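J.: Residue numbers (our numbering), protein chains in the order written: chain G, 99 to 409; chain W, 99 to 409.
Number of protein chains: 2
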Amino acid sequence: MTLKVAVLPTSNTYLDNALQSAGAVVTALDDAQALVWTGSDQTGFPQDLPSTIEWVQLKSAGVRPWIESGRIDSQRTWTSAVGAYSADVAEHAVALLLGCLRQFALHARAGSWLKEQTWGTVRSLRGRTVAIVGAGSIGRSMIPLLTAHGATVIAINRSGREVDGAVRTVTSRELDEALAAADDAILAGASTDETQHLIGAAQLAALGADPRDGSPGVLVNIARGDLVDTAALTDALRRGIIGGAGLDVFDPEPLPSQDPLWGMDNVLITPHVANPRNRMLENFACLVEENLRRFASGTTLKAEIDLNRSY
Amino acid sequence: MTLKVAVLPTSNTYLDNALQSAGAVVTALDDAQALVWTGSDQTGFPQDLPSTIEWVQLKSAGVRPWIESGRIDSQRTWTSAVGAYSADVAEHAVALLLGCLRQFALHARAGSWLKEQTWGTVRSLRGRTVAIVGAGSIGRSMIPLLTAHGATVIAINRSGREVDGAVRTVTSRELDEALAAADDAILAGASTDETQHLIGAAQLAALGADPRDGSPGVLVNIARGDLVDTAALTDALRRGIIGGAGLDVFDPEPLPSQDPLWGMDNVLITPHVANPRNRMLENFACLVEENLRRFASGTTLKAEIDLNRSY
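1. Can you give me the Cβ contacts of ALA300/G inside the same chain, cut-off strictly under 8 angstroms, excluding the 5 residues immediately before and after it?
2. Tell me whether the region 180–191 of chain G and the region 188–195 of chain W touch, counting them as touching only if at least three CB pairs, one residue from each stretch, are closer than 8 angstroms.
3. What did DSSP end up calling TYR409/W once you bin it into helix, strand or coil?
4. Taking the Cβ atom as the reference point for each residue, do THR216/W and GLN201/W lie within a distance shorter than 7 angstroms?
5. Against chain W, with Cβ distances strictly below 7 angstroms, would ILE367/G count as a contact?
6. Using a Cβ-Cβ cut-off of less than 8 angstroms, give me the residues of the region 360–384 of chain W that come near chain G, in sequence order.
7. Name the chain W residues whose beta carbon is nearer than 7 angstroms to that of PRO242/G?
8. Is the separation between the beta-carbon of PHE382/W and that of ALA130/W shorter than 7 angstroms?
9. Using a Cβ-Cβ distance under 7 angstroms, would SER210/G count as near chain W?
10. Using a Cβ cut-off of 7 angstroms, pull out every chain W residue sitting near ASP311/G, in sequence order please.
11. Below 9 angstroms on C-beta distance, what does LYS157/W contact in chain G?
12. Give the secondary structure of THR293/W by DSSP, where H, G and I count as helix, E and B as strand, and everything else as coil.
13. Under 6 angstroms Cβ to Cβ from ALA249/W, same chain only, skipping five residues before and after it: list those, please.
14. Run through the DSSP bridge pairs and tell me what PRO282/W is partnered with.
15. Quick check: what's the CA-CA separation for ALA159/G versus LEU212/W?
16. Using beta-carbon positions only, say whether ASN255/G and ALA288/G come within less than 7 angstroms of one another.
17. Helix or strand or just coil, what does DSSP make of TRP217/W?
18. Identify the continuous beta strand (DSSP E) that holds ILE252/G and give its terminal residues.
19. To the nearest whole angstrom, what separates the beta carbons of ARG341/W and VAL316/W, a pair I think is in contact under 8 angstroms?
20. As a quick exercise: from ASN406/G, LEU385/G and LYS400/G, pick the residue whose alpha carbon is nearest that of ASN115/G.
21. Check whether the Cβ atoms of SER372/W and ILE320/W lie closer than 7 angstroms to each other.
22. Report the rounded CA-to-CA distance for MET240/G versus VAL347/G, giving the unit in angstroms.
23. Roughly how many angstroms separate the alpha carbons of ALA394/G and SER119/G, rounded to a whole number?
24. Which of the three DSSP states, helix, strand or coil, is assigned to ARG310/W?
25. Residues in the region 192–204 of chain G with C-beta within 7 angstroms of chain W's C-beta atoms, listed in sequence order?
26. Pull up the CB-CB distance for LEU366/W and ALA330/W, whole angstroms please, since I reckon it's below 8 angstroms.
27. Do you know how far the Cα of ALA126/G is from the Cα of ASP363/G?
28. Examine the ligand COA and report whether any of its heavy atoms sits within less than 6 angstroms of the Cβ of VAL251/G.
29. Is SER149/W close to chain G? Criterion is C-beta to C-beta, closer than 7 angstroms.
30. Put GLN173/W into one of helix, strand or coil per three-state DSSP.
31. Over what stretch of residues does the beta strand (DSSP E) that includes LEU147/G continue unbroken?
32. For ARG221/G, go through chain W and note every residue whose CB falls closer than 9 angstroms to its CB, in chain order.
33. I'd like to know whether the C-beta atoms of GLY298/G and ASP327/G end up nearer to each other than 7 angstroms.
34. Considering only the alpha carbon of each residue, which of ARG407/G, ASP324/G, ARG238/G and LEU379/G lies closest to PRO352/G?
35. Are the C-beta of LEU106/G and some C-beta of chain W separated by less than 7 angstroms?
36. For THR397/W, does the count of other Cβ atoms within 10 angstroms reach 16, so buried, or fall short, so exposed?
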């Protein structure tokens with residue numbers, strides 16, 4: 099029997115090809131067994147899903163707003179795109195870390211030859227220790243990159259369960275000690291009630307303590323802006339408590355144009371583009387194809403949403 | 099017998115420790131068997147070396163000016179620092195490539211939220227093919243990094259002798275075809291008579307042909323400025339023939355303040371700092387220690403300069 103799938107609000111070439119490869123056909127919502135929702139949020143999402151929809155595939159990796167709105171019911175299977183974009187986002191995180199260590203923001207803005215000022219302060223990632231805060235799919239994807247660059251990884255997760263490729267894994271209760279032991283930190287955790295402002299003044303002070311070569315470390319955030327107390331971060335950057343920050347996410351977004359972070363030469367900012375659009379479409383279609391095959395054969399889908407965890 | 103070494107014009111803690119570890123003592127030039135020259139060029143280099151100096155260790159990886167000045171004689175062994183700085187320079191090259199693909203220069207200069215403009219044009223290194231032009235010590239050091247990032251490497255060297263980790267290696271005669279087959283290119287070759295302006299308009303056109311996703315590739319240069327015809331590069335960047343450039347070296351240096359490259363948002367410039375100073379001192383001391391041990395035991399030194407090759 100051919101699988102009937104609604105693709106809303108719009109499809110694209112990548113998805114069309116994925117459905118075709120998986121032997122599925124696009125139908126109207128009332129006639130479909132599954133819904134692939136290509137919107138990035140809930141705007142326009144069907145108010146009442148037909149009971150015939152057995153599975154909904156969402157495009158977001160983080161689905162906290164979906165869960166909090168009560169939209170996700172237990173009458174059918176819901177899947178997110180967690181994991182699908184991890185490699186591209188992990189790449190951006192490592193690029194931001196390298197860019198901060200190599201002082202790209204300062205150099206890009208100077209418009210003049212700063213060798214006298216920067217040759218002594220540009221740093222190499224080789225030999226540094228990097229704390230990855232939140233060792234989910236994105237965090238784990240960074241480890242082979244950082245290791246190839248000659249860095250050592252400390253992983254921090256809720257359970258403390260050992261993460262492959264990290265020299266050690268600690269639980270979030272030991273966050274401050276791990277930050278103190280690391281040179282730099284990358285935030286890769288989900289946004290939950292427990293992780294709001296996980297990084298405040300105390301954590302930044304721990305990260306900046308005992309700087310290697312007199313240059314305190316770098317904080318990178320490619321996860322969610324609300325993991326960081328922005329006021330504390332701005333203060334730590336101003337006072338040189340940490341050496342720099344590479345930020346793709348903010349609280350709120352877009353980062354307001356008058357925010358002082360824009361003017362800091364030790365801050366490398368990108369506007370929430372760690373997951374480039376073209377790559378996102380391609381990676382999402384790849385996940386959809388895999389899940390269509392699994393759905394057709396009755397096996398467990400990838401990235402099923404667990405309502406008992408808020409992400 | 100204790101090895102007597104002159105360290106000129108100045109020493110540093112790293113070198114002092116290296117000499118001590120190798121069991122050598124610092125003496126005046128007239129009393130020494132070996133000279134470690136810590137100057138970055140020939141200014142102040144002793145006019146007439148005592149005939150008792152059996153070995154001179156230079157701090158530069160590229161020694162073309164030393165050879166061309168006739169300074170390097172055949173009365174003793176001369177060693178360069180080729181290889182000692184490769185890993186740090188390779189890291190900078192990969193950082194520049196990532197920074198160009200992720201549009202760090204544009205974002206750093208904008209001072210405002212450019213997501214609408216850049217989410218569709220930011221690119222990932224994963225899945226791209228990178229040509230490494232000059233697969234010496236620095237070029238080879240990049241391969242594990244690029245591979246970890248999910249890129250595929252084409253190596254270009256003089257002999258065409260297969261380079262580990264590259265999917266294929268071609269000779270410099272096939273440079274244009276290799277650039278056409280690649281998405282991006284990193285210059286890592288030595289500056290010699292043959293490599294002057296190796297990259298001109300034709301090579302940039304080849305690199306920019308058949309762009310992936312409509313976005314032509316990136317050129318990175320961490321080798322020597324004179325490998326590139328700067329006027330042709332500037333023109334190719336202006337006309338969008340290539341998508342961007344990450345440049346640490348220029349011809350001449352410093353890059354003049356009125357140079358148009360400074361004003362281009364698709365150009366990421368660093369002022370010849372790929373080999374950070376602290377790391378250089380540390381890595382050089384490590385090489386000196388190794389060569390002191392080799393000299394004492396009568397084995398072949400690392401990085402002996404071959405006057406038959408001009409680098």
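Glycine included, every Cβ here is placed at the ideal spot set by N, Cα and C.
Please read all numbers here as calculations on a predicted model, not as lab measurements.
T.: From the atom records:
1. ASP274
2. Pairwise C-beta distances place the region 180–191 of chain G out of contact with the region 188–195 of chain W, as fewer than three of them are shorter than 8 angstroms.
3. Low local confidence applies: a pLDDT of 48 at TYR409/W is under 50, so the model's placement there is unreliable, with the coordinate-based value given in what follows. Here TYR409/W carries a coil assignment [DSSP, helix/strand/coil].
4. yes
5. yes
6. TRP360, GLY361, LEU366, ILE367, THR368, PRO369, HIS370, VAL371, PRO374, ARG375, ASN376 and ARG377
7. ALA246
8. Going by C-beta atoms, PHE382/W is not nearer than 7 angstroms to ALA130/W.
9. Under the 7 angstroms criterion on CB atoms, SER210/G is classed as interfacial with respect to chain W.
10. ASN376
11. Here the premise fails: no neighbours, minimum Cβ distance about 14 angstroms.
12. Three-state DSSP puts THR293/W in a helix.
13. LEU223, ARG226 and VAL228
14. Position check: residue 282/W holds Asp in this sequence, whereas Pro was assumed. ASP282/W is bridged to VAL228/W.
15. 22 angstroms
16. Contact flag unset, no.
17. coil
18. For ILE252/G, the uninterrupted beta strand (DSSP E) run begins and ends at 250–255, by DSSP.
19. Reading off the sequence shown, one finds Gly at residue 341/W, where the question assumed Arg. Sure, about 6 angstroms apart at Cβ, within 8 angstroms.
20. LEU385/G
21. Rather than Ser, the amino acid found at residue 372/W in this sequence is Ala. When the beta-carbon positions are compared, ALA372/W and ILE320/W come within less than 7 angstroms of each other.
22. Approximately 17 angstroms, taken between the alpha carbons.
23. Going by the C-alpha atoms only, they are around 13 angstroms apart.
24. Helix at ARG310/W.
25. ALA193, LEU196, GLY197, ARG200, PHE202 and ALA203
26. Not really, about 19 angstroms apart at Cβ, beyond 8 angstroms.
27. 52 angstroms
28. The model on display carries no ligand, and the ligand COA is accordingly not part of it.
29. no
30. Residue state, collapsed to three classes: coil.
31. Element bounds for LEU147/G: n/a, residue is neither H nor E.
32. PRO374, ASN376 and ARG377
33. Closer than 7 angstroms, so yes.
34. ASP324/G
35. No, its Cβ sits nowhere closer than 7 angstroms to a Cβ of chain W.
36. exposed
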